[in-house]
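Data block below; observations after.
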Amino acid sequence: MKVGGVIRVPGDKSISHRALIFAALAEGASSIRDILPSADVQSTAGVLGALGVPVPPLSNDITIVGRGVRALTAPMDDLDCGNSGTTTRLVAGIAAARPFTSRFVGDASLSRRPMRRIADPLRAMGARVDVAPADGLPMTVHGGNLHTIEWRSETASAQVKSAILLAGVAAGVAVTVHEPARSRDHTERMLTALGATVAARGATVELAPVDRLAPLRIRVPADPSSSAFLTALAVLAHGGKLALPDVCLNPTRIGFYRALVRMGAELVLEEGESQGGEPVGTIIARPSSLRGIDVGRDDVPSMIDELPLVACLAARARGATTIRGAEDLRVKESDRIATVVANLRAIGVNADELPDGMCIEGSDRPLRGRVLTHGDHRVAMAFGVLRALPGSAIEIDDTSCVAVSYPGFWDDLSRAVVS
Ligand code: S3P
Numbered sequence: 530m531k532v533g534g535v536i537r538v539p540g541d542k543s544i545s546h547r548a549l550i551f552a553a554l555a556e557g558a559s560s561i562r563d564i565l566p567s568a569d570v571q572s573t574a575g576v577l578g579a580l581g582v583p584v585p586p587l588s589n590d591i592t593i594v595g596r597g598v599r600a601l602t603a604p605m606d607d608l609d610c611g612n613s614g615t616t617t618r619l620v621a622g623i624a625a626a627r628p629f630t631s632r633f634v635g636d637a638s639l640s641r642r643p644m645r646r647i648a649d650p651l652r653a654m655g656a657r658v659d660v661a662p663a664d665g666l667p668m669t670v671h672g673g674n675l676h677t678i679e680w681r682s683e684t685a686s687a688q689v690k691s692a693i694l695l696a697g698v699a700a701g702v703a704v705t706v707h708e709p710a711r712s713r714d715h716t717e718r719m720l721t722a723l724g725a726t727v728a729a730r731g732a733t734v735e736l737a738p739v740d741r742l743a744p745l746r747i748r749v750p751a752d753p754s755s756s757a758f759l760t761a762l763a764v765l766a767h768g769g770k771l772a773l774p775d776v777c778l779n780p781t782r783i784g785f786y787r788a789l790v791r792m793g794a795e796l797v798l799e800e801g802e803s804q805g806g807e808p809v810g811t812i813i814a815r816p817s818s819l820r821g822i823d824v825g826r827d828d829v830p831s832m833i834d835e836l837p838l839v840a841c842l843a844a845r846a847r848g849a850t851t852i853r854g855a856e857d858l859r860v861k862e863s864d865r866i867a868t869v870v871a872n873l874r875a876i877g878v879n880a881d882e883l884p885d886g887m888c889i890e891g892s893d894r895p896l897r898g899r900v901l902t903h904g905d906h907r908v909a910m911a912f913g914v915l916r917a918l919p920g921s922a923i924e925i926d927d928t929s930c931v932a933v934s935y936p937g938f939w940d941d942l943s944r945a946v947v948s
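Residue numbering for the sequence shown follows this note's numbering, starting at 530 and increasing by one per position.
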């Protein structure tokens with residue numbers, strides 16, 4: 530199998546959510562180009578509409594007229610966040626600072642995901658938050674006057690950090706968040722670009738009180754979590770090379786590429802000019818022979834969404850790969866430790882669960898069997914890469930769930946294969 534060509538993967542999901550949210554909170558007309566038109570981002574658009582800021586259909590060039598940092602209005606109905614944890618947790622931060630009640634609901638997977646991690650800091654700021662007894666959705670946020678906070682987060686989570694920062698923005702109060710390790714920093718970068726004062730030192734972020742945010746003009750770069758799948762395909766191919774331009778190369782997001790280089794991959798990251806405060810560049814990937822590696826707690830935050838893919842690549846590497854310090858994988862769109870290990874075994878790979886990760890034994894045995902995605906988009910795409918390899922006979926039960934983050938994934942995957 531040979532790969533070839535130039536593929537611009539769709540816009541970054543984390544930046545797309547934040548662009549919509551900050552456009553809604555800014556004063557005046559914001560312009561967003563190349564937003565990701567996926568189901569998760571659509572959930573954020575729908576929820577903002579229900580809070581009084583209409584968002585047009587997601588196309589290459591949209592304009593949103595924001596109403597200011599304290600202007601969202603009471604929703605008439607439940608806020609349906611679909612499958613999107615980012616929508617729920619970030620918007621809950623803003624809702625906590627508004628004098629009304631909002632009830633957040635979502636699909637079966639989102640309803641099982643932990644919300645206490647944001648309810649606790651929002652309560653500490655003065656909001657009343659009711660979380661479902663098993664810690665999930667429905668979650669009801671009774672907003673009001675919030676006060677300043679200094680919060681020590683137990684997990685390195687950009688969603689928790691951003692919920693607190695957004696609550697601070699919407700309430701006009703200073704906030705400080707300490708994380709055990711630095712999570713993705715798109716919220717901080719965007720706030721700075723819109724005129725807020727944000728200071729980051731190590732894994733601590735401090736936001737000064739905000740009165741207003743300037744309108745946003747942004748072109749959303751391509752998503753490094755989506756280009757990861759095509760990079761993996763190129764690395765596992767037998768010939769050719771693949772170029773993936775315009776990808777967000779923010780250091781808090783590209784741990785996957787650093788890990789791939791450690792595995793022996795021939796990879797070039799060519800950084801170009803930055804866009805909207807984010808470094809952007811082209812990834813060039815070539816077929817490579819891979820070896821197993823150890824992924825540890827310090828590596829995890831910058832590659833959290835790519836760990837299912839690392840596990841699939843490890844199945845084709847020489848030697849064993851161990852992933853540790855990644856217990857948060859158990860509370861993603863599926864329990865990604867259990868789902869990935871069960872699926873690797875189902876296609877003939879030796880793999881074991883660890884409480885906080887997994888071990889995978891690489892081999893060149895043919896990969897055959899049936900994969901159950903549990904509706905998890907990243908599991909479908911990671912095993913989709915293995916399915917595309919010559920000699921594989923892998924069936925995937927649900928291929929449509931990729932719509933959450935990368936609606937054109939299957940087309941792009943076949944486009945990357947030239948013979
Ligand atoms: C995201 C943060 C991460 C990541 C998710 C998107 C974000 O979640 O897994 O896909 O946009 O802030 P956590 O904050 O729960 O680690």
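Positions of the beta carbon are idealized from the N, C-alpha and C atoms, including for glycine.
Distance, residue j Cα to residue i Cα
i: Leu601; j: Val727; result: 23 Å
i: Asp834; j: Ser943; result: 22 Å
i: Ser755; j: Gly597; result: 32 Å
i: Ala844; j: Val689; result: 33 Å
i: Arg681; j: Asp775; result: 35 Å
i: Leu918; j: Val532; result: 11 Å
i: Ser803; j: Val749; result: 11 Å
i: Val860; j: Thr617; result: 14 Å
i: Ala867; j: Glu882; result: 7 Å
i: Ala737; j: Val878; result: 51 Å
i: Glu683; j: Leu619; result: 17 Å
i: Arg711; j: Leu720; result: 17 Å
i: Arg894; j: Tyr786; result: 25 Å
i: Val582; j: Gly614; result: 20 Å
i: Cys841; j: Leu915; result: 7 Å
i: Gly769; j: Ile564; result: 30 Å
i: Asp827; j: Ala849; result: 19 Å
i: Ala788; j: Val764; result: 13 Å
i: Ala626; j: Pro936; result: 34 Å
i: Leu742; j: Glu556; result: 6 Å
i: Ser892; j: Pro662; result: 44 Å
i: Gly575; j: Asp606; result: 12 Å
i: Val704; j: Asp940; result: 44 Å
8 Å contact criterion, which residue i and residue j should meet: CB distance rounded
i: Leu759; j: Leu771; result: 6 Å
i: Arg746; j: Ser560; result: 5 Å
i: Ile822; j: Met792; result: 5 Å
i: Gly673; j: Pro628; result: 6 Å
i: Met887; j: Ile925; result: Rounded, the Cβ-Cβ distance is 20 Å, inconsistent with contact.
i: Ser567; j: Ala932; result: 6 Å
i: Val538; j: Ala751; result: 5 Å
i: Val702; j: Leu675; result: 6 Å
Local conformation of residue i per DSSP, three classes
i: Arg646; result: helix
i: Met668; result: strand
i: Phe629; result: coil
i: Glu862; result: coil
i: Leu720; result: helix
i: Met910; result: helix
i: Val582; result: coil
i: Val535; result: strand
i: Leu565; result: coil
i: Met887; result: strand
i: Asp881; result: strand
i: Thr677; result: coil
i: Cys777; result: strand
i: Thr868; result: helix
i: Thr684; result: coil
i: Val734; result: strand
i: Val931; result: helix
i: Glu807; result: strand
i: Gly825; result: coil
i: Gly768; result: strand
i: Leu694; result: helix
Reference residue i, options the options, closest by Cα
i: Ile647; options: Ala624, Ser638 and Ala637; result: Ala624
i: Asp714; options: Glu735, Leu639 and Leu896; result: Glu735
i: His546; options: Leu873, Glu802, Ala692 and Ser817; result: Ala692
i: Leu796; options: Pro816, Gly904, Ala846 and Glu807; result: Pro816
i: Met530; options: Ile550, Gly904 and Gly920; result: Gly920
i: Ala656; options: Ser613, Gly697, Val634 and Leu666; result: Gly697
i: Val634; options: Thr573, Asp649, Pro650 and Glu800; result: Thr573
i: Arg645; options: Ser638, Met654, Asp659 and Arg632; result: Asp659
i: Ser640; options: Ala911, Asn612, Arg652 and Arg537; result: Asn612
i: Leu901; options: Gly913, Pro895, Glu890 and Ser892; result: Gly913
i: Met654; options: Leu915, Thr677 and Pro837; result: Thr677
i: Leu955; options: Gly810, Ala788 and Gly806; result: Any answer about residue 955 is impossible in this case: the structure gives the chain only from 530 up to 948.
i: Gly665; options: Leu675, Ala685 and Arg642; result: Arg642
i: Ala725; options: Leu695, Ser948, Ser831 and Val535; result: Leu695
i: Met910; options: Gly801, Pro837 and Leu873; result: Pro837
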